[in-house]
Each structure stands twice: as structure tokens, then as C-alpha cells.
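The block underneath contains the structure these notes are about, expressed in C-alpha cells.
In UniProt numbering, the protein residues as written are 1 to 456.
Encoded structure:
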């Protein structure tokens, strides 16, 4: 029983491709976490103003929107593995440019066309394709656990990235007497190397990751009983193992064949009915976060509270570990009370903790508020993913998630110029308050629009 509640049983039922996807998440967030700590400081070291840095971050996100839109919307027709490979190459290219160049426009071009995270969060086509693939490979009743494990691997990677970045940076500057700018470049070289590891992991994925692959578990009762609310309605959602093979599905005339299913030309009617609601609500959350992402939190602690980079690296490591530890709790909460109540119950206190950070001039107290926020904020991640992947039919899931992530990225591009301005006029506390207010609106919207949504 404890294995089911802890999610260990779900992890044990996973196949080779699921483990590869979890490893990809770990290494990607390891890279994002390492550069998140130094990106804005790196640009400041190049004598770029805060306002221009804000614009840089927004344009980076807009460039990510364009690339991610095409790669994710056509991921099922191009091949999910192909999209992951292309994204990994773009990620490596961006890391190489940042490690070797200083020109603002060259860096901006690399950030726009490549894959670099301006805030330490997900960018590029990876998240959409990975989550859609995991939903495709995992039974409905196991998805919350699998997404929780994905979150754990991701937050653990981000935690180690921030801790390592802060420690290595201080070591290079204080012990090895490496110039500040060059110490930051070492971090981008590490980013480049990690991208190459992710490229290899993308290449070794099997055909099971593709949308057209259906699987059959001969030990389950899926093929012997009608679907119920607790079982998957689609064969793609059945649990799998390393012996997965294409299912020979019967056609109307009784023939059987393992066929490639072409992506649908348009959304299903039930999907269209939800699109506007999904876009408004989930974009509100991203809009909120755009005003005070982790990278600007680093700047706030360094400039307003006098924190060292190694101390901030330790703080971000702690917040990510706390987030990782609460990921499985969020899965349990989601299964117990449902994803919608779970989101509301965690997002509201998270917003309050965020608003309290600039209310104190004491470094330890502000850090405590940030840790408290990470505890509650991380507990809504799994319910959000479960909600989004479960209210959309499988045929439309990848495209809808791709469209939503594109819109969310556009929303995240709104805040940085304003945050850069507030930083330049020494009023960086304002974005904290805007972020908190918008998160409360997001929680209200989830409850209003999705309390009675049908789950697939």
C-alpha cells in the first residue's frame, strides 16, 4: 500500500523510455538551474542596463514562442524524438555562444534562435513533448505519480545546478582568482556539455515515444473489461513495459493492422470548447510569474539584502530540494481531493509568502519566506499538469499543450521589461506584489472554470 501512495510502484511499472524522459528532465533542469543564477549578473558584467536586460529576457521568450510553436504543434507528425533532438542541438548552440561571445546582439540572437532559459524555468519544446509522451505512455491512474517523479527529477536537477553554479563561481573568483566575467563563462561551457548529454538521451529514445504507438499490457484487465472512471479510455494510456509493441487494432471492416495515425487536422469539438478557458487561466499564472522569476529574485537578494552568490546558490538549492520533497505530496493531494482543489489550496498561501518577501529587510526572514513559498508553490505543479493533460482528449493533447505553452511563454514575456525598469529605479519590491496578486486571480480562475471538467 505504501508503495502505491509513495509513487514507487508507478516508477517500478515504468519502461525504458519513461526513465530516459526522466533523465532528460534532470539534465535539462541541471543546465537551466546553473545559468539561472548567473545570467542577469553575466549581462550586468557586460555593462548592459537593467531595462535592456528586461527587454533581452522578453525577446528571448518571444523567440522561444515561435520555435516552440512549430516544433510542438507538429511534433506528432515530425516525430517526437526528432523534435527533442532539434531542441537539444539548439540548446547546445546557445550555450556555446554564451560561453564565447560578449556582443549584446549576438547573445540576443543566440538566445532567440537557440534554447536558453532567462529565468531558470522550462523553455523550448521539451516540456510539452515530454509531458505529452509521458501521458501517452502512462495509465490515467498513474499519471499524477509519474508527473510527480518528473517534477522530482527536475527540481533535483535545478537544485544541484544552482548550488554548483554558486559554489563553482565563488571558488573560481576567490580561490583561483578568475575574473568575474570568465567565471560566468565556465558555467555556460557546462551548459553546452549538458546539452550534448541531452542530445544523446533524445537519440536513444525508442518508437514507443511516438504518438502513433499504442501499447498493450497482457497482465492488465484493460482488454477484458469496459472502461470505467478509474481506467483509461484510450489504449495509449495503458501501462507499459520494455516488451511494448504496436497494438493491432481492429478496423470497421474487421481487418487488423499496426498503422501510423496521422495528426488530426483540427481540434475536436470538446477540445475547442475548453481552449479559451485553458488559455486565459494558465496564461494568468505565467503572467504572474513573469514579474518576479527566480533570476530576478537572485538580483533582489544580492542587491537589496547583500547576499553572496554562494549563499544564494544554497538558498535556491534549498528551495528546489523542498520543491522536490513536496512533489510526491502534491501527487497524493491531487489524488485525494482532485487537481482543482489541490491547486487552490496551495497557490493561495504561495502567493502570500511571495508578497511577504519584500516586506522585511532581514535577509534570514526573507529567505524563510522564499522557502515557505517553494514548499507551497511546488505542490501545485503536479495538479496543474494532471488537470491540463486529463481534460484534453489524447488526439489533441500534444497540440493543445504546445499551444498552451506557447501562450504561457508569451505571457512570461510581458513582465521582464517592467521588472527591469523597477530594478533600475530601485523599486524591485513592486513586481513581488504584482506577481502575488495575479497568482490569486489564477487560483480563482481554476476553481471557476474547471471544477466540473470531464477527465480523459
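Cβ coordinates follow ideal geometry from the N, Cα and C atoms, glycine included.
Within its own chain, the residues whose Cβ lies closer than 6 Å to the Cβ of residue 161, once the five positions on either side in sequence are excluded, are 30, 33, 34, listed in chain order. Exposure of residue 175 is indicated by the presence of fewer than 16 other C-beta atoms within 10 angstroms of its C-beta. Residue 147 holds the alpha-carbon nearest to the alpha-carbon of residue 332 among 359, 19, 147. Excluding five sequence positions before and after residue 351, the CB atoms of its chain that fall closer than 7 Å to its own CB belong to 436, 439, 440, given in chain order. Using a 10 angstroms sphere on the CB of residue 454, the tally of other CB atoms stays under 16, which defines it as exposed. With 16 or more other CB atoms across the displayed protein chains lying within 10 angstroms of its CB, residue 111 is buried. In the structure shown, residue 74 falls within a coil segment according to DSSP collapsed to helix, strand and coil. Here residue 131 is buried: its Cβ has 16 or more other Cβ atoms, across all protein chains shown, within 10 Å. Closest in alpha carbon position to residue 443, among 385, 313, 380, 83, is 380.
Taking 8 Å as the cut-off, the beta carbon of residue 26 is found closer than this to the beta carbon of residue 154. The Cβ atoms of residue 322 and residue 369 lie no closer than 8 Å to each other.
Around residue 432, the same chain offers 292, 354, 355, 357, 358 as residues with beta carbons nearer than 7 Å, after the five sequence neighbours per side are excluded. Counted as a single uninterrupted DSSP element, the stretch harbouring residue 47 is not any alpha helix (DSSP H), since DSSP gives it neither H nor E.
For residue 136, the uninterrupted alpha helix (DSSP H) run begins and ends at 126-137, by DSSP. In the DSSP assignment, residue 298 falls within the unbroken alpha helix (DSSP H) covering 294-304.
Under the three-state reduction of DSSP output, residue 389 falls in the helix class. Residue 165 sits away from residue 173, with the two beta carbons spaced by 8 Å or more.
Membership of residue 439 in the alpha helix (DSSP H) is indicated by the continuous run 429-450. By the Cβ neighbour-count rule, residue 306 is exposed, with fewer than 16 other Cβ atoms within 10 Å of its own.
Across the structure, residue 69 and residue 47 are spaced so that their CA atoms are roughly 33 Å apart. Here the alpha carbon of residue 36 sits roughly 23 Å from the alpha carbon of residue 129. Here residue 171 is exposed: its Cβ has fewer than 16 other Cβ atoms, across all protein chains shown, within 10 Å. For residue 140, no alpha helix (DSSP H) run applies, since DSSP gives it neither H nor E.
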